[in-house]
Every structure is written in structure tokens, then in C-alpha cells.
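From first to last, the protein sequence lines are chains A and B. If you use the numbering used here, the first sequence corresponds to residues 14 to 337, in order. If you use the numbering used here, the second sequence corresponds to residues 836 to 1213, in order. From the three backbone atoms N, C-alpha and C, an ideal C-beta is built for every residue, glycine too. Down below is the structure, laid out as C-alpha cells.
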Amino acid sequence: MDDLWLQFLLTIDATFRLATPLVLCAMAGIFSEKSGIIDISLEGKMLMSAFAAAAVAALTSSAMAGLWAAIGISVALGLLHGLASITLRGNQVISGLAINIMASGLTVTIGIAMFQKGGQTPSLARYERFRPIELPFADQLGQIPFLGPIYREVISGHNILVWVALIAVLFTAFILARTRFGLRLRAVGEKPEALDSAGISVVKTRFLALIIAGVLCGIAGAYLSTAHGSGFVREMTAGKGYIALAAMIFGKWQPRGALYACLLFGFLEALASRLQGIEIPFIGAAPVDLILALPYLLTVILLAGFVGRAVPPRAIGQPYIKER
Amino acid sequence: MSAPQDLPRWADVGLIPLLNVLAALLVSGIVVAIIGENPFDAMMVMLKGAFIYKGSLGYTLYYATNFIFTGLAVAVAFHALLFNIGGEGQAYLGGLGAGIVCLLFDSMLPALIMVPLAILASAGFGAIWGAIPGYLQAKRGSHIVITTIMFNFLAASIMVWLLAGSLKAPGQMSPETRSFTRSAELPFIHDIANSIGLEMARSPLNLSFVIALLACVGVWVLIWRSRLGYAIRTTGHSAGAAEYAGIPVSRVIIITMAISGGLAGMMAINEILGVQHRTILGFTSGYGFTGIAVALMGRNHPIGIVLASLLFGALYQGGAELDFEFSTINREMVLLIQGLIILFSGGLAYMFNRPLARLLGLWLNPGKNIPTTGAENG
């Protein structure tokens, strides 16, 4: 019984670690999409910043420098997306897709040129990464039966970026609901002409949203390669950007809902890896593939309005043209 | 996506795509130069690899075959203003369809029946995988872009599950079906050429290339010469007007997506029936996404798509050559070029339009003031 409880807690612990990049990216997605910009480039921004973080951390031996590089490159890609979709009024989906494909090519190309390891970065040493933070008395409190392991396994031992992700949710919720900028951000995604006639720049508001999104994606990328992992491997995001997009939709473009969706999707991933190769009584081999496909399936079902309804911001995907 | 009004048509279909490719090559060239190689050397290696070496042209055309199918798929949907980024998943399921009928019937049916049946199955499975997002868009209002993205991942999950499970060849470790018998194979072009006495180097180029060209003609007839094509284009221009004119918009959306998915599914003909002769994991390797670049460059017209497919075929085949010739640059370079082409011809589509329109305006009718508006989004 105790063992089962511990197994469960370890799965929850893994859930937090797997959900962190999803949470950061989903919040990034909320910022862009609430402002009316479709952002399927979460994946590419995260991939590029994961590479930048690992590469810079390997060169400078500083995880912090890696983080700044990751944020820098991700914001730059966000600005490119803005140039295409805000300034030049191009197609936002195509621009995002282009960023994703370019990121796939660039990371490997630069990686091979820099490190000659087939697109990987050198493995990072402990001091070049964001290390787990053991909370005080984790070992002592962990001895308390039943509740103790919750503190020791689930709450203690995460790196700083996990906590940053949690703060990002509070930050996003606060900005959107309680600040003037948040009000403008929501307005620009619903009815940009209203904002324009109030004398507030649609272009500036949207660019600011994309910059914040870039920062969040950058942190997510740095988390993958310098906190969760120890170095960059090619295609290491493996569709996480798209899962975050799905989580954002699943959470109906709301920070809290998106957080829950990310935790759910993170839990499914943790569960799948724990059940790999395990026989379940009456079912047989654990349906790992099915569990991993659930996020996509659930999102399709939700979007189709069979369970609840997810309504995107009204002006999403439309470039703003003043004369209209 | 729509052509801006202030450019002459020949410039929009001829000059702009050329500028887009040049811009993409320029940026990639800069990246190559930063890495420390000579971009012109890299270019020469790619050109030789794509056209000059023995059998290389066959490889180029073989890649182009894939891109014609996926490019046509994206283009047909574009005409109804639907953005199908699910070509990857639809092609993948097309391979499932072809695989299933081949496994079932390849030992009892002659090639003359087996091959058409497998082609139908691949198109049919792709069509279903396209029609469901179409239905969800038309009837349930879910956004086609998001649904097709999800369907790509779902297709990948299904294929992993089946190929590692019930479809896996018995007594074998790798996730793939058993090899099909000869009756489920499309003949290689070099075999055909040799049988009529022509010397031709071996390459994976097979009869699918001809089928792809036929599909181009089919799409042209469908879009510009048929009642359904008219309905598709009207829906694309204005769903409201189409509805008012009595066109059943929902049905048109679903049918368009089915056709689009079917064309993407037919990519499996080339890979599965033509080359692999068994269904394997990940045979689509991103070709579905390349179809988007192809359709953008080809301006959604079959002729443009064939030309763009040849370009991408050459890039892929030439890119493979980079692996052998250089230690610091490799075929992922092509992915960068592809992303840049999508960026320049799609996302930054209007970057060249206005300066070019002004330039052409000055040249064609000097003295006349050129209006600067018109960058309406499509």
C-alpha cells in the first residue's frame, strides 16, 4: 500500500515536471491569441530557445546566460511573427508554420556546425543547469507517514523554472483580469477597431503581447534543455508546443483552465511513461499509445462542442486594417 | 493568399515566387557563410546532386512526386479558403489504407486489379482523414487549422499503435508490415525504360509520377472546369455569397476536404506501392508540410505546383548530397530553406508586392500615381 502511494506521488511529481513547459507555452499562447494573433509557432520558438539555452550554457558554463539567450532568440522569433502577421498583414498560420520548420532546420544546422555532435549540444554538467531546490526539512518531514512523502516527493525538489511556470500563471491571470494593459489586450483580440478609436495603438498592443509570449516560450525552451534535460537533442520539443496549444484551447483561452489542462496532459504523459510495458489485470498491456493520444483527441472533441464549448477571441487571425 | 490587385498577373505568378526563392536562398546562403563554408560551393553540390549525377534526376522526380500530391492537396483546400495542414496525417493514413488492402489481397489478386484497389484505398483513407476535420469545421464550427494539427498527431499515434501491434509482420522486431507480393508493386520507370531498350540509371522513380501528373490535370478540370470547382471557388471567395447563390456551403467544405485528404493520401502510392513495398513507420517524413510550401509557391495552380515540386524535389535530393560533401552542413539545410520559402511566400507575402508594384508602375506607365492600398488579406 505504501509503495503504491509512493508510486502515485512520483507520478504526480513527474506530472509537474512534464507540465512545466506546457504551462509556460500555454500562457504564451494565451497572450498572443488573446491579442488576436494565432500562434502555432510556440513549438518553433520553444525548440530554438531550447537549443540556444543549451548552446550558450555549454559555452559559458552558466545556466542563467543560457536562459537569457533562450529568451532573446524566442522574442526575436516572436517579433518576426509580428512583422509578418501584424505589420505586413500576412497569414498568421503560415508565418507560424514557417517559424516551426525553420527552427527544425536551424537548430540542427547550427548545432552540427558548432558542436559536431549530429545536432546535439554537449551534455551539461550539474553546475551548468538549473538544479533541483530541496526545500527545508524535506528529509525529516518526509518521514511523517502518508503526508510526509507529499512534501518530500511532490513539493520539494523542483528546479526554479517549475516555480516560475506557476508564477507565470498567476502573472497571466493578473495581467489579463486586473490591469489596464490586460483589458486592452483582450479588447484588441475581440474588437480592435474599438481600441483604435479610443486612440490606443493596435499594432503596439499586439507586438507587446507577442514579446511577452516570446519571453514565456524562451523560458519553456530553457527549461527543456537546461533544467529538465541536460543538453539539447534534435527535435527535443517533440510536439509539446502543439500540446500546449491544445491545452490553451482546452482551457478556453483562460489561464486557470489552461493550467488545469496542462496538468491533465502532463499527468497523461507521466502515466504513460510509468505504465510502459506494464501488464494491467483484465486489460493486458497498458494502452500507452492511446493515453499519449488522449490530449489531441480530447481537444478535438472539445473544439467540436460535444463537451462544453471553446470560443476563440473574435478577431483572431484577422490582420487589422485601419480603413476597414 | 489572394493576389493583391496592384500587381499585374504575370508578375504575381512569375516574378514574386522567383523573388521569394531568391530571398530564401540568400538568407540560407548567409547562414552557410556564417558557418564558414562557401555558399556557392554548397549550391553547386546541390545542383550536381539533383541533376547531374547518374540517377539523380530520377531521385529528384521521385521526391517531386510526393510534393505534387501534397501540394495539390493543400491547393484544392486553399481554393475553398480552407487551410489544410493535415496533409501529413492524411498521407500517413493513406499508407495505412494501401497497406491493409495489400496485406489482405496481394496473394490472390493480379496486379491489374490489386494496384488500382490499393490506390483507391490510399485515397479513400486520406479522404476520410480530411473529411472529418471538414465536417467538424462545417457543422460544428471547430477551426480547421487546429483540428488538422490534432489529426496529424492522432494519425501518428494510430500508425505507431497498428504498426507495432496488429499489422506488424510476425516474428520481426521493427514496426512495419511484411513486404507485399509483386502484384502490389508499381513498376519503376527505369525498369520500364530498360524493357523497351532505353538505358536508364536506377532510381526510386516509379509510375506514380505519371499518376501525379494525371492528378494535376484532374485538379485543373475539377477547379476550373467543373460545377463543383465553381462551388469550391465561390465558397472560397465568399461563403456568404455562395450560400445566397444556393451553394450548399457545408457540403462543399466537407467534399473539398475529402478531395484534399484523398490527394494527400495518394502520396502513399509513391512511397508504399512504388518504393517501400510495405507500410513503414514515418514514411511521410514531413512531405505533407512541404506541400504547403509547394502550394504557396505554385500559386495553387497545377502547373505552378509541378514547377514548385520540381524545385523542392531538387532541394531534397541535392540536400542529401550535402551530407557527403561537407562535414559542417547537411540536409537539414533544406528544412531551413523550406521554412524560409514558406515565410517569404506566405507570412511575408506582401513584403515584395508593394515595392515591386511601385517599380513596375513607374516602368509601365511613368508619371501615373500608383495607389498604395490594396494589401487586403485573403
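Could you check whether B/VAL909 and B/ILE1176 sit closer than 8 Å to each other, using their CB atoms as the reference points? no
When we look at the beta-carbon of B/SER992 and count the other beta-carbons within 10 Å, is it buried (16 or more) or exposed? buried
Rounded distance between the beta-carbons of B/GLY1133 and B/PHE960, thought under 8 Å: Not quite, the Cβ-Cβ distance comes to about 25 Å (not below 8 Å), so this is no contact.
Give a yes or no on whether the minimum CB-CB distance between A/VAL106 and chain B is below 8 Å. yes
Could you confirm whether any beta carbon from chain B is found closer than 8 Å to the beta carbon of A/MET115? yes
When you compare each of A/LEU148, A/LEU208, A/ILE188 and A/PHE278 to A/TYR333 by their alpha carbons, which one comes out closest? A/LEU208
Of all the CB atoms in chain B, is at least one closer than 8 Å to the CB of A/ARG142? no
Can you confirm whether B/TRP1059, when its beta carbon is compared against all beta carbons of chain A, has any partner nearer than 8 Å? no
With 8 Å set as the bound, which would you pick, yes or no: does the beta-carbon of A/SER98 sit closer than that to a beta-carbon of chain B? yes
Could you tell me the distance, in whole angstroms, from the CA atom of B/ALA838 to the CA atom of B/MET1186? At B/ALA838 the pLDDT is 42, less than 50, meaning the model places this residue with poor confidence and gives no usable figure here.
Write down every uninterrupted run of the alpha helix (DSSP H) in the stretch 1035-1098 of chain B whose length is 4 residues or greater and which is fully enclosed by it, in chain order. 1043-1060, 1062-1072 and 1074-1079
Step through the CB atoms of chain B and report whether any lies within less than 8 Å of the CB of A/ARG197. no
Span separating the alpha-carbon of A/THR24 from that of A/GLY170: 14 Å
Output needed in chain order: residues of the stretch 240-274 of chain A with a Cβ under 9 Å from some Cβ in chain B. ARG247, GLY252, TYR255, ILE256, LEU258, ALA259 and ILE262
Within the 8 Å Cβ cut-off, does A/ILE232 reach chain B? no
For chain B, is any of its Cβ atoms less than 8 Å away from the one on A/ALA317? yes
How long is the line joining the alpha carbons of A/GLU203 and A/PHE44, rounded to whole angstroms? 13 Å
Straight-line Cα distance separating A/ALA178 from B/LEU853: 44 Å
Per DSSP, which residues does A/GLY297 bridge with? Please list them. A/ILE293
Starting from B/VAL848, follow the alpha helix (DSSP H) in both directions and report where the run begins and ends. Careful: B/VAL848 lies outside any alpha helix (DSSP H) and carries neither H nor E.
Within 8 Å (strictly less), CB to CB, does B/PHE918 reach chain A? yes
Taking 8 Å as the threshold (beta carbon to beta carbon), is A/VAL313 in contact with chain B? yes
Quick one: is A/ALA306 near chain B, going by C-beta distance under 8 Å? yes
Check whether the Cβ of A/ALA111 lies closer than 8 Å to any Cβ atom in chain B. yes
Does the structure place the stretch 892-899 of chain B close enough to the stretch 1061-1076 of chain B that three or more beta carbon pairs sit under 8 Å? no
Among A/SER243, A/LEU160, A/ILE123 and A/GLY212, the one whose alpha carbon lies nearest that of A/LEU22: A/LEU160
Do the CB positions of B/HIS808 and B/GLU1020 come within less than 8 Å of each other? What is shown of chain B runs 836 to 1213, which leaves residue 808 of chain B out entirely.
Run through chain A and tell me which residues come within less than 7 Å of B/VAL880, C-beta to C-beta. Those do not exist, as B/VAL880 stays about 15 Å from chain A at its closest Cβ, beyond 7 Å.
Just to confirm, are A/GLY244 and A/SER238 a CB contact at a threshold of 8 Å? yes
Run through chain B and tell me which residues come within less than 8 Å of A/ALA126, C-beta to C-beta. ILE870, GLY871, THR1163 and ILE1164
Contact list for B/TYR1185 against chain A, beta-carbon separation under 7 Å: LEU101, ARG102 and GLY103
Use the C-beta contact count for B/LEU1156: other C-beta atoms within 10 angstroms, 16 or more gives buried, fewer gives exposed. Correcting the residue type first, residue 1156 of chain B is Glu in the shown sequence and not Leu. It is buried - the Cβ of B/GLU1156 has at least 16 other Cβ atoms within 10 Å.
Between B/GLU872, B/ILE948, B/PRO843 and B/SER891, which lies nearest to B/ARG1037 when the distance is taken from Cα to Cα? B/SER891
According to DSSP, which residues form a beta bridge with A/HIS171? A/ILE146
Strictly by DSSP, which residues pair up with B/ILE1115? B/GLU1011
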